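> Note that the protein sequences, when read in sequence, are chains A and B. Each residue of the first sequence is one higher than the last, beginning at 8 in the working numbering. Each residue of the second sequence is one higher than the last, beginning at 28 in the working numbering. Mind looking over this structure? Questions follow.
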Amino acid sequence: MSAGKPPLSGGPPRPQVKALQCPKCGAAIVLRTFGQAETVACGSCRAILDAKDPNLAILQQFEIETSDIRPLIPLGTRGKLHGTDYEVIGFERRHATVEGIPYPWHEYVLFNPYKGFRYLSEYNGHWNDITICKDLPSVEGGFSAGSGSAANWVGETYKHFQTTEANTDFVLGEFPWRVRVGERATVTDYVHPPRVLSSEKTDKEVTWSIGEYMYGREIWDAFRLPGSPPEAEGVYENQPSPLTTNVQGIWMAFAAFAVFLLAMMIGFDLLAKKEAVFQQTYHWERAKTAGESSFVTDNFELKGHPSTVELKTWAAVSNQWMYLNYALINQDTGQAWDFGREVSYYQGYDSDGSWSEGSRDDTVVIPSVPPGQYYLRIEPEVDPAVSAISYSVQLTRDVPVLGIYGIALLALLVPPLLVSLRWYTFERSRWSESDHPPVQISGLTASSEDDD
Amino acid sequence: MTQPAANCPNCGARIVFKWSSSVQTVCEYCKSILVRTDADLKKVGRVADLPPDGSPIQLSTEGIYRNKSFVVVGRIVYEYDQGAWSEWHVMMNDGASAWLSEAQQEYAVSFSSTTPNLPAAAKVEIGHEFTWNGQRYTVSVITPAHYRGVQGELPFQYWDKSDVTFIDLRGETGRFATLDYSDPEPALYLGEFVEFEDLKLKNLRRFEGW
Chain A
8 MSAGKPPLSG GPPRPQVKAL QCPKCGAAIV LRTFGQAETV ACGSCRAILD
58 AKDPNLAILQ QFEIETSDIR PLIPLGTRGK LHGTDYEVIG FERRHATVEG
108 IPYPWHEYVL FNPYKGFRYL SEYNGHWNDI TICKDLPSVE GGFSAGSGSA
158 ANWVGETYKH FQTTEANTDF VLGEFPWRVR VGERATVTDY VHPPRVLSSE
208 KTDKEVTWSI GEYMYGREIW DAFRLPGSPP EAEGVYENQP SPLTTNVQGI
258 WMAFAAFAVF LLAMMIGFDL LAKKEAVFQQ TYHWERAKTA GESSFVTDNF
308 ELKGHPSTVE LKTWAAVSNQ WMYLNYALIN QDTGQAWDFG REVSYYQGYD
358 SDGSWSEGSR DDTVVIPSVP PGQYYLRIEP EVDPAVSAIS YSVQLTRDVP
408 VLGIYGIALL ALLVPPLLVS LRWYTFERSR WSESDHPPVQ ISGLTASSED
458 DD
Chain B
28 MTQPAANCPN CGARIVFKWS SSVQTVCEYC KSILVRTDAD LKKVGRVADL
78 PPDGSPIQLS TEGIYRNKSF VVVGRIVYEY DQGAWSEWHV MMNDGASAWL
128 SEAQQEYAVS FSSTTPNLPA AAKVEIGHEF TWNGQRYTVS VITPAHYRGV
178 QGELPFQYWD KSDVTFIDLR GETGRFATLD YSDPEPALYL GEFVEFEDLK
228 LKNLRRFEGW
């Protein structure tokens, strides 16, 4: 550091950004990493230079057909990530070829002299904030990278998403490794949204990195870039599900509500008085019923606060029907509840065996009946085939209405079902891009890649 | 602790030891490598200028590791095919000697281990497993390195080196081990990877523009 000179009070000279010239084309080369970079690529003549060499020896000259590859974040831009300033110092484009189609993505090298290197990747508007793993992940179901069905890293399991051959086709700026165009690596991604664990395997080494999904907007804010980030296309491998509530959580909330409803149901059932207020069995004969068949019952008292009244009808029907017109009438106020109930029961045998339809019982609940003296007016109508029949009428005061709990439960089921459906749709489109596409539903365009 | 002081036998500059157990130091003025003998300092060589590096750490950088403060008193610089790395010799506030490895802004703190029966370098391959102090370690990389230079105080004599082999091993949850084959008898260092932030370093180097 302080070569040959005593350390004066000012301390050693501060390392500075170096401005050099490309030995090939003479364009300005800026070295921003204070000697940490291995290689630097000239932006003008596509020469890859040895950044460790004071003369910037040319290591590789590459060609690229298109000239419009440009980093979305220009080299030299500084941004804040996790509270630390990072400068963009390098940029490369890589691609993977799947079924003959190249899928390019971009990687940015970030640098801070105290914190070291960090990376950003961008594919179709999807970004990842990447660091090299310090703890080595372990792969399940395989020895080396590229063959596992899952990987474990700091206590979390990552599912294998895909393994591809990455090919570097464009580089710009500084790299902390000996970057070359044409360099190939087997890249295996394991996902646990919003994180992705990747292994890059060359014939020399395996490097593991961990990435966390970032939205274009976050990148634009961090680096104070003008305009808007490119729109993200489709669902990316480690893109977090847009559902604000997680699926498991909402089902747990549903379960909690269901338990609460059940407790309420039991509570109200226990509290309900279920007081028998009236019971009578009648015998109807067609011969005795001339014209007017209606009659009224004796008075009975409905006590307490306004509450339910349950009316149960039973009729000895067999392959017959009976219809009862009821009116529950308050003797003092004349207020009446009119309603009709049908009781019918049919049974028989056919080629499928015995069958039956309907019931001899019928139950109806009248809500919010005030206390007072009441009577029933009953008008039976009977199947013309029947000449005589027995039926009974039974009234119970203050029964719990359990049906509403069922309705409430069904209503509560709607949000978790919708969330689950959306979650399923999202995960389906995520995994459709992987090495493990979901099985296609018949009727949809079938193109499973596992077949070949 | 009184800091032992002496004069450089080469240039006469005042030499102050920050760590009383230091065996070797480098005169900051004339770059002579000085080794302590019973009576005085003996010049054993001269350090070539170290290549410029981008390390944020320098001699007298202070930090904290496991609630103990430490100060950087020396270093050994090595080169390998991915660049250079530094083994910073640090003195813990309890007098212990430790190493802060720095390679491409990755940091690890390790301590010398007296474990006997260490394997010979030729017998170790990537993937081999060893258990030391109840921890299991897997050989992750074998690095042929080149000794580049020294600076400051070291706990042993270290100056006439050339090619040395290092074997790095990784354990679980950031544990790591290094087998150092600088000497005929291998040396083992056990430690862990640390985050730059967690070291709470002070008196760091300044970089222009940062």
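Every residue, glycine too, gets a C-beta built ideally from N, C-alpha and C. Since the structure is predicted, the reported quantities are computational estimates derived from the model, not experimental observations.
Is it buried or exposed for B:S49, if we count other Cβ within 10 angstroms and need 16 for buried?
Answer is buried; the Cβ neighbour count reaches 16.
> For B:W234, go through chain A and note every residue whose CB falls closer than 7 angstroms to its CB, in chain order.
For clarity, residue 234 of chain B is Phe in the given sequence; the question names Trp instead. Going along chain A in sequence order, the residues near B:F234 (Cβ under 7 angstroms) are R21, P22, F41, P120.
> For the segment 174-188 of chain A, list every residue whose C-beta sits within 9 angstroms of some C-beta in chain B, in sequence order.
P183, W184, R185
> Check the Cβ of B:F157 against every Cβ in chain A and list those closer than 8 angstroms, keeping chain order.
Residues of chain A passing the Cβ test: none, with the nearest at roughly 15 angstroms.
> Measuring straight from C-alpha to C-alpha, what distance separates B:I153 and B:I194?
About 9 angstroms.
> Using a threshold of 7 angstroms, state whether the C-beta atoms of A:G42 and A:I96 are closer than that.
no
> Nearest CA to the CA of A:P237: which residue from A:Q401, A:H443, A:L79?
A:L79
> Using 8 angstroms as the cut-off, can you tell me whether the segment 273-283 of chain A makes contact with the segment 429-440 of chain A, which would need three or more C-beta pairs spanning the two stretches below that distance?
The segment 273-283 of chain A makes no contact with the segment 429-440 of chain A: fewer than 3 CB pairs, one atom from each, lie closer than 8 angstroms.
> Secondary structure at B:R233, three-state DSSP: helix, strand or coil?
coil
> What three-state label does DSSP hand A:D136 in the structure shown?
Of the three classes helix, strand and coil, the one that applies to A:D136 here is strand, per DSSP.
> Please report how far the alpha carbon of A:G17 lies from the alpha carbon of A:P247, in whole angstroms.
Residue placement at A:G17 is flagged as unreliable, the pLDDT there being 48, under the threshold of 50; a coordinate-derived value is accordingly withheld.
> With A:Q255 as the anchor, note down where its alpha helix (DSSP H) starts and where it stops.
For A:Q255, the enclosing alpha helix (DSSP H) starts and ends at 254-278.
> Using a Cβ-Cβ cutoff of 9 angstroms, what residues of the segment 169-197 of chain B are near chain A? List them in chain order.
Q178, R197
> Which one of A:D176, A:R231, A:V213, A:V242 has the shortest CA to CA distance from A:P201?
It is A:V242 whose Cα lies nearest to the Cα of A:P201.
> Could you spell out the range, first to last residue, of the beta strand (DSSP E) harbouring B:E129?
124-130
> Can you check whether the CB of A:V161 is closer than 7 angstroms to the CB of A:D142?
yes
> Please confirm whether B:F223 has its beta-carbon closer than 7 angstroms to some beta-carbon of chain A.
Answer yes: the Cβ-Cβ gap between B:F223 and chain A drops below 7 angstroms somewhere.
> CB-CB under 6 angstroms to B:N120, same chain, minus the five flanking residues each way: which ones, in chain order?
K95, S96
> So for B:A75, helix, strand or coil by DSSP?
coil
> Given that a residue counts as buried once 16 or more other Cβ atoms are within 10 Å of its Cβ, and exposed if not, what is A:R502?
Since the displayed chain A opens at 8 and closes at 459, residue 502 of chain A lies outside it and no answer follows.
> Comparing alpha-carbon positions, which option in B:F203, B:G72, B:A147, B:Y105 lies nearest B:P213?
B:A147
> Which runs of the beta strand (DSSP E), 3 residues or longer, sit entirely within the segment 352-432 of chain A?
The segment 352-432 of chain A contains, as complete beta strand (DSSP E) runs of 3+ residues, the segments 360-366, 368-376, 379-389, 395-404 (chain order).
> In the segment 91-149 of chain A, which residue ranges form an unbroken beta strand (DSSP E) of at least 3 residues, counting only runs that do not cross its ends?
91-105, 108-119, 123-130, 133-139, 145-147
> Who does A:W227 pair with in a DSSP beta bridge?
DSSP, once it has assigned bridges, lists no residue as partnering A:W227.
> Exposed or buried, what is B:R163 when buried is set at 16 or more other beta-carbons lying within 10 Å of its beta-carbon?
exposed
> Quick check on B:H155: buried or exposed, where buried means 16 or more other Cβ atoms within 10 Å of its Cβ?
exposed
> Between the segment 174-191 of chain A and the segment 43-57 of chain A, do three or more beta carbon pairs fall short of 8 angstroms?
Yes: at least three Cβ pairs fall under 8 angstroms.
> Excluding the 5 residues flanking A:M272 on each side, which residues of the same chain have their C-beta closer than 8 angstroms to its C-beta?
P407, L409, Y412
> Measuring only between beta-carbons, confirm whether A:S454 sits less than 7 angstroms from chain B.
For A:S454, the predicted structure reports a pLDDT of 43, less than 50, and the residue's modelled location is therefore unreliable. A value from the coordinates is still provided. With 7 angstroms as the cut-off, A:S454 does not count as an interface residue toward chain B.
> Can you find the residues in the same chain that come closer than 8 angstroms, C-beta to C-beta, to A:L7, ignoring five residues on each side of it along the sequence?
Beyond the ends of chain A as shown, which are 8 and 459, falls residue 7 of chain A; an answer cannot be given.
> For B:A75 and A:C140, what's the separation of their Cα atoms in angstroms?
35 angstroms
> If you draw a straight line from the alpha carbon of B:E129 to that of B:W115, how long is it in whole angstroms?
8 angstroms
> Select from B:G201, B:R93, B:L77 the residue whose C-alpha is nearest the C-alpha of B:I103.
B:L77
> Under 7 angstroms, Cβ to Cβ, is there at least one residue of chain A near B:Q19?
Nothing can be reported for residue 19 of chain B, as the shown portion of chain B is limited to 28 through 237.
> Taking 7 angstroms as the cut-off, decide whether the C-beta atoms of A:E479 and A:N159 are in contact.
With chain A represented from 8 up to 459, any question about residue 479 of chain A goes unanswered, as that position is not in the structure.
> Consult DSSP for A:S436 and reduce its assignment to one of helix, strand or coil.
In this structure, A:S436 counts as helix in the three-state DSSP scheme.
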